[in-house]
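First to last, the protein sequences are chains A and B. Heads up: the first sequence runs through residues 6 to 208, numbered per our numbering. Heads up: the second sequence runs through residues 6 to 208, numbered per our numbering. Think of the CB as a built atom: it goes at the ideal place given N, C-alpha and C, for glycine as much as any other residue. Below is one structure, written out as structure tokens; comments come after it.
There are 2 protein chains.
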Amino acid sequence: MEADRRTRLTPDERRAQLVALGVSYLVDHPLESLTIEYLSAQAGVSRGLLFHYFGSKKGLHGEVARTARDSMLNATAPSPELAPLDRLRDTLTRIVQFVRDHRGTFYSLVRGAASGDAEVREALEQARAVQAERVIAVFRELGAADSELLRIALRSWVAFAEEALVEGALKTDLPSEQIVAFLERSALAVAASVGTGPGATFA
Amino acid sequence: MEADRRTRLTPDERRAQLVALGVSYLVDHPLESLTIEYLSAQAGVSRGLLFHYFGSKKGLHGEVARTARDSMLNATAPSPELAPLDRLRDTLTRIVQFVRDHRGTFYSLVRGAASGDAEVREALEQARAVQAERVIAVFRELGAADSELLRIALRSWVAFAEEALVEGALKTDLPSEQIVAFLERSALAVAASVGTGPGATFA
DNA sequence: ATTCGCTATTGACGGAAAGTCAATAGCAAA
DNA sequence: TTTGCTATTGACTTTCCGTCAATAGCGAAT
Numbered sequence: 006m007e008a009d010r011r012t013r014l015t016p017d018e019r020r021a022q023l024v025a026l027g028v029s030y031l032v033d034h035p036l037e038s039l040t041i042e043y044l045s046a047q048a049g050v051s052r053g054l055l056f057h058y059f060g061s062k063k064g065l066h067g068e069v070a071r072t073a074r075d076s077m078l079n080a081t082a083p084s085p086e087l088a089p090l091d092r093l094r095d096t097l098t099r100i101v102q103f104v105r106d107h108r109g110t111f112y113s114l115v116r117g118a119a120s121g122d123a124e125v126r127e128a129l130e131q132a133r134a135v136q137a138e139r140v141i142a143v144f145r146e147l148g149a150a151d152s153e154l155l156r157i158a159l160r161s162w163v164a165f166a167e168e169a170l171v172e173g174a175l176k177t178d179l180p181s182e183q184i185v186a187f188l189e190r191s192a193l194a195v196a197a198s199v200g201t202g203p204g205a206t207f208a
Numbered sequence: 006m007e008a009d010r011r012t013r014l015t016p017d018e019r020r021a022q023l024v025a026l027g028v029s030y031l032v033d034h035p036l037e038s039l040t041i042e043y044l045s046a047q048a049g050v051s052r053g054l055l056f057h058y059f060g061s062k063k064g065l066h067g068e069v070a071r072t073a074r075d076s077m078l079n080a081t082a083p084s085p086e087l088a089p090l091d092r093l094r095d096t097l098t099r100i101v102q103f104v105r106d107h108r109g110t111f112y113s114l115v116r117g118a119a120s121g122d123a124e125v126r127e128a129l130e131q132a133r134a135v136q137a138e139r140v141i142a143v144f145r146e147l148g149a150a151d152s153e154l155l156r157i158a159l160r161s162w163v164a165f166a167e168e169a170l171v172e173g174a175l176k177t178d179l180p181s182e183q184i185v186a187f188l189e190r191s192a193l194a195v196a197a198s199v200g201t202g203p204g205a206t207f208a
């Protein structure tokens, strides 16, 4: 009874299987601690195979990070048919939902992943850039000028939101609506604070 | 000519020497890449000695991170004699100054250090907690209620400020005054956004 | 059914770096 | 000088990354 003769999959299948295992690992471990040794054992394949598919440990980490990132970006993609402020609120609502549905994954992504190798950092960097772009779009449609300071401000607001989500959505049980409302107000406040005077508001 | 007979220092001296070397390493490398091998070679001592003093690589990283953190916290300690808003502006001014004077160290601290082991993360966590506490004190003196949401808000604002400092103070050459002014306005805006209504301002 | 060819997969090898620990050797006091 | 304490060493073990020629599934051809 050889329950484990060598199983030969197509490259796409194998890749998908390995990456999926990697992403599920994020649920309760930091990415950086994901070892080639461990993942190959989990998948029941040799270590050599992982090097064949991902080239290196960094390569593996990169692909896992990008996959987790994309699933988050997809789950929180804005609805283009909504008016700017409605779209913002809708997106924020879905983000809070996602964070609470995938606690471990989100945490590993914005915390653990901020670490180690360039490839992983790059992946997270892009996620922030996308989120920032989404918010910038909202305010541009509301008539804000596209200054460099605005971009820095909203990019930083994304970092703000990540921290608030970890602290508020993961570590406390504040009602989701309250977190959404807070994030919404803070985004408006930050955008308004870009203008020199105490003038410009968007609500 | 034995330029290097075994030199015997007091534990405090040796410790200080090793940690100082570690901190200086941060100027142009991420902490996580600091290896026992390398540091022992730099210091001209055996690897075993580092394990004697720090127990493990994580232990070493932790001590380096805490030392760098403390030098930042000291350099930006608020002046108690100033009125709340003046103190806030003064602290922000000193932070921007510090960031631009110690580019590499600051970057390694808030970025690279956000990574790896629990001990390092913990050190940075405490730095954020201290900075948040300083800002909370300002707004409490201005009459803000000490709600949980306010704490989350200002804690998140610290993350916001870190991001803005990296993007604005390190990656661009915006005048310091402008960055300080922006940080100041954003802090006020965030604090104000905690109150449910569009009311409460502090300026 | 059997053979063949392509390639997915393996396992043995080499190397870097973390930890462990009993042995060694400065240095200050007797 | 000698002695005792302890700072310091260096050899050893372990873990994990990365390389590469050899092996063995599996579909296609006969």
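Query raised in the report: Quick one: Cα of GLY148 of chain B to Cα of GLU138 of chain B, how far?
Result: Locating residue 148 of chain B in the second sequence gives position 143, counting from the first residue. Locating residue 138 of chain B in the second sequence gives position 133, counting from the first residue. If you take the alpha carbons of GLY148 of chain B and GLU138 of chain B, they lie about 15 Å apart.
Query raised in the report: What's the call for ASP122 of chain B, buried or exposed, on a 16-neighbour Cβ count within 10 Å?
Result: In the second sequence, counting from the first residue as 1, residue 122 of chain B sits at position 117. So ASP122 of chain B counts as buried.
Query raised in the report: Which whole-angstrom value is the C-beta distance of ILE157 of chain A and GLY173 of chain B, which I expect to be below 8 Å?
Result: The count along the first sequence starts at 1 and reaches residue 157 of chain A at position 152. The count along the second sequence starts at 1 and reaches residue 173 of chain B at position 168. Sure, about 5 Å apart at Cβ, within 8 Å.
Query raised in the report: Looking only at C-alpha atoms, which of B:VAL143, B:ALA142, B:ASP178, B:ALA134 sits nearest to LEU154 of chain A?
Result: Indexing the first sequence from 1 puts residue 154 of chain A at position 149. Nearest C-alpha to LEU154 of chain A among B:VAL143, B:ALA142, B:ASP178, B:ALA134: B:ASP178.
Query - Distance between ALA80 of chain A and GLY64 of chain A (C-alpha atoms, nearest Å) - result: As a position in the first sequence, residue 64 of chain A is number 59, starting the count at 1. As a position in the first sequence, residue 80 of chain A is number 75, starting the count at 1. Rounded to whole angstroms, GLY64 of chain A to ALA80 of chain A spans 24 Å at the Cα level.
Requested in this report: Answer with buried or exposed for THR12 of chain A, where buried requires no fewer than 16 other C-beta atoms within 10 angstroms of its C-beta.
Outcome: Counting from one through the first sequence, the residue named residue 12 of chain A turns up at place 7. Exposed.
Query raised in the report: Is there a Cβ from chain A that is less than 8 Å from the Cβ of SER152 of chain B?
Result: Position 147 of the second sequence, counting from 1, holds the residue named residue 152 of chain B. Chain A contact via Cβ: absent.
**Report entry** Buried versus exposed, by CB contacts within 10 Å (16 or more), SER84 of chain A
**Finding:** Here the question's residue 84 of chain A lines up with position 79 in the first sequence. Classification of SER84 of chain A: exposed, given that the 10 Å Cβ count is below 16.
Query - Contact set between GLY64 of chain A and chain B, taken where Cβ atoms lie within less than 7 Å - result: In the first sequence, residue 64 of chain A corresponds to position 59, counting from 1. The premise fails here: GLY64 of chain A is roughly 18 Å from chain B at the closest Cβ pair, so nothing lies under 7 Å.
Requested in this report: Look at the alpha carbon of TRP162 of chain A and the alpha carbon of SER76 of chain A, and state the distance between them as a whole number of angstroms.
Outcome: Position 157 of the first sequence holds residue 162 of chain A. Position 71 of the first sequence holds residue 76 of chain A. The straight-line gap from Cα to Cα measures roughly 21 Å.
Report task. Under 7 Å between beta-carbons, which chain A residues line up against HIS69 of chain B? List them in chain order, please. Result -> As a first step, residue 69 of chain B must be located in the second sequence, where it is residue number 64. The amino acid at residue 69 of chain B is misidentified as His; the sequence shows Val. Annotation: VAL69 of chain B has no Cβ neighbours in chain A at a cutoff of 7 Å; minimum Cβ distance is about 16 Å.
Query raised in the report: Does the beta carbon of GLU18 of chain B sit closer than 8 Å to a beta carbon anywhere in chain A?
Result: One-based indexing of the second sequence puts residue 18 of chain B at position 13. It does not; no Cβ of chain A falls within 8 Å.
Query raised in the report: What residues from chain B crowd round VAL195 of chain A, counting only those whose CB sits closer than 8 Å?
Result: Within the first sequence, residue 195 of chain A is the residue found at index 190, counting from 1. Within chain B, the residues near VAL195 of chain A are PHE165, SER191, ALA194, VAL195.
Report task. Closer than 7 Å by beta-carbon distance: list the chain A residues that pair up with GLY173 of chain B, in chain order. Result -> In the second sequence, counting from the first residue as 1, residue 173 of chain B sits at position 168. Against GLY173 of chain B, the close residues of chain A are ILE157, in the order they occur along the chain (beta-carbon pairs closer than 7 Å).
Query raised in the report: My guess is that LEU97 of chain A and VAL185 of chain A are in contact by the Cβ rule of under 8 Å, so how many angstroms apart are they, rounded?
Result: Position 92 of the first sequence, counting from 1, holds the residue named residue 97 of chain A. Position 180 of the first sequence, counting from 1, holds the residue named residue 185 of chain A. Between LEU97 of chain A and VAL185 of chain A the beta-carbon gap is near 5 Å, inside 8 Å, which marks them as a contact.
Query raised in the report: How about the stretch 43–51 of chain A and the stretch 15–35 of chain A: do they share at least three Cβ pairs that are nearer than 8 Å?
Result: Here the stretch 43–51 of chain A lies against the stretch 15–35 of chain A, with 3 or more beta-carbon pairs under 8 Å apart.
Query raised in the report: Taking the Cβ atom as the reference point for each residue, do LEU188 of chain B and VAL135 of chain B lie within a distance shorter than 8 Å?
Result: Reading the second sequence from its first residue, position 183 is the one you call residue 188 of chain B. Reading the second sequence from its first residue, position 130 is the one you call residue 135 of chain B. No, they are not a contact pair.
**Report entry** C-alpha distance - ALA142 of chain A paired with ARG160 of chain A, whole-angstrom precision
**Finding:** Position 137 of the first sequence, counted from the first residue, corresponds to residue 142 of chain A. Position 155 of the first sequence, counted from the first residue, corresponds to residue 160 of chain A. Using only the alpha carbons, I get a separation of about 12 Å.
Query raised in the report: If we cut at 8 Å on Cβ distances, does PHE144 of chain B have a partner in chain A?
Result: Within the second sequence, numbered from 1, the residue matching residue 144 of chain B stands at position 139. No, PHE144 of chain B lies away from the interface with chain A (no Cβ there is under 8 Å from its Cβ).
Requested in this report: Could you pull out every residue in the same chain whose Cβ sits closer than 8 Å to the Cβ of ARG105 of chain A, ignoring the five residues on either side in sequence?
Outcome: As a first step, residue 105 of chain A is located in the first sequence; it is residue number 100 there, counting from the start. Non-local beta-carbon contacts of ARG105 of chain A in its own chain, meaning distances under 8 Å to residues more than five positions away in sequence, involve ALA174, LEU175, SER181 in chain order.
Query raised in the report: Ends of the alpha helix (DSSP H) at ALA142 of chain A?
Result: Reading the first sequence from its first residue, position 137 is the one you call residue 142 of chain A. First-last of the alpha helix (DSSP H) with ALA142 of chain A: 123–146.
**Report entry** Beta-carbon proximity of LEU36 of chain B to ALA70 of chain B, cut-off 8 Å
**Finding:** Locating residue 36 of chain B in the second sequence gives position 31, where the first residue counts as 1. Locating residue 70 of chain B in the second sequence gives position 65, where the first residue counts as 1. Taking 8 Å as the Cβ cut-off, LEU36 of chain B and ALA70 of chain B qualify as a contacting pair.
Requested in this report: For the alpha helix (DSSP H) holding GLY60 of chain A, just list the boundary residues, first then last.
Outcome: Locating residue 60 of chain A in the first sequence gives position 55, where the first residue counts as 1. Counting along the chain, GLY60 of chain A falls outside any alpha helix (DSSP H), and DSSP gives it neither H nor E.
**Report entry** Secondary structure of ASP33 of chain A, DSSP reduced to three states
**Finding:** Counting from 1 along the first sequence, the entry for residue 33 of chain A is found at position 28. The three-state secondary structure of ASP33 of chain A, taken from DSSP, is coil.
Query raised in the report: For the alpha helix (DSSP H) that LEU39 of chain A lies in, which residues bound it at each end?
Result: Locating residue 39 of chain A in the first sequence gives position 34, counting from the first residue. In the DSSP assignment, LEU39 of chain A falls outside any alpha helix (DSSP H) and carries neither an H nor an E.
Query raised in the report: What's the call for SER152 of chain B, buried or exposed, on a 16-neighbour Cβ count within 10 Å?
Result: The residue you call residue 152 of chain B lines up with position 147 of the second sequence. Taking every protein chain shown into account, the CB of SER152 of chain B has fewer than 16 other CB atoms within 10 angstroms, so this residue is exposed.
Requested in this report: Identify the contact partners of ARG160 of chain A in chain B, using a Cβ-Cβ distance below 7 Å as the criterion.
Outcome: The residue you call residue 160 of chain A lines up with position 155 of the first sequence. Close partners of ARG160 of chain A in chain B (Cβ separation under 7 Å): GLU168, GLU172.
Query raised in the report: Is the beta carbon of HIS57 of chain A less than 8 Å from the beta carbon of GLU124 of chain A?
Result: To locate residue 57 of chain A, count along the first sequence from 1; it is residue 52. To locate residue 124 of chain A, count along the first sequence from 1; it is residue 119. No. Outside cutoff.
Query raised in the report: Which residues bound the alpha helix (DSSP H) around PRO89 of chain A?
Result: Indexing the first sequence from 1 puts residue 89 of chain A at position 84. Bounds of the alpha helix (DSSP H) holding PRO89 of chain A are 89–106.
Requested in this report: Note down, in chain order, every chain B residue with its Cβ under 8 Å from the Cβ of THR72 of chain A.
Outcome: Against the first sequence, residue 72 of chain A aligns to sequence position 67. THR72 of chain A does not reach chain B, its nearest Cβ partner there being about 20 Å away, counting only Cβ pairs nearer than 8 Å.
Query - Nearest-angstrom beta carbon gap, THR110 of chain A and ALA73 of chain A [assumed within contact, 8 Å] - result: Stepping through the first sequence from its first residue, residue 73 of chain A is reached at position 68. Stepping through the first sequence from its first residue, residue 110 of chain A is reached at position 105. ALA73 of chain A to THR110 of chain A, Cβ: 6 Å. Contact.
Query raised in the report: When the Cα atoms are used, what is the spatial distance from GLU86 of chain B to ALA169 of chain B?
Result: Numbered from 1 along the second sequence, position 81 holds the residue referred to as residue 86 of chain B. Numbered from 1 along the second sequence, position 164 holds the residue referred to as residue 169 of chain B. Here the alpha carbon of GLU86 of chain B sits roughly 27 Å from the alpha carbon of ALA169 of chain B.
Query raised in the report: Excluding sequence positions up to five away, which residues of its chain have a Cβ less than 7 Å from the Cβ of PHE59 of chain B?
Result: Stepping through the second sequence from its first residue, residue 59 of chain B is reached at position 54. Here the set comprises LEU65, GLU68.
Report task. Mark ARG145 of chain A as exposed unless 16 or more other C-beta atoms lie within 10 angstroms of its C-beta, in which case mark it buried. Result -> On the first sequence, position 140 is the one that residue 145 of chain A refers to. Taking all protein chains in view, the Cβ of ARG145 of chain A is surrounded by fewer than 16 other Cβ atoms within 10 Å, so the residue is classified as exposed.
Query raised in the report: Which residues in the same chain have their Cβ closer than 6 Å to the Cβ of LYS62 of chain A, if we skip the five residues on either side of it in sequence?
Result: In the first sequence, counting from the first residue as 1, residue 62 of chain A sits at position 57. In the same chain as LYS62 of chain A, and ignoring 5 residues on each side of it, the C-beta atoms closer than 6 Å to its own belong to ILE41, in chain order.
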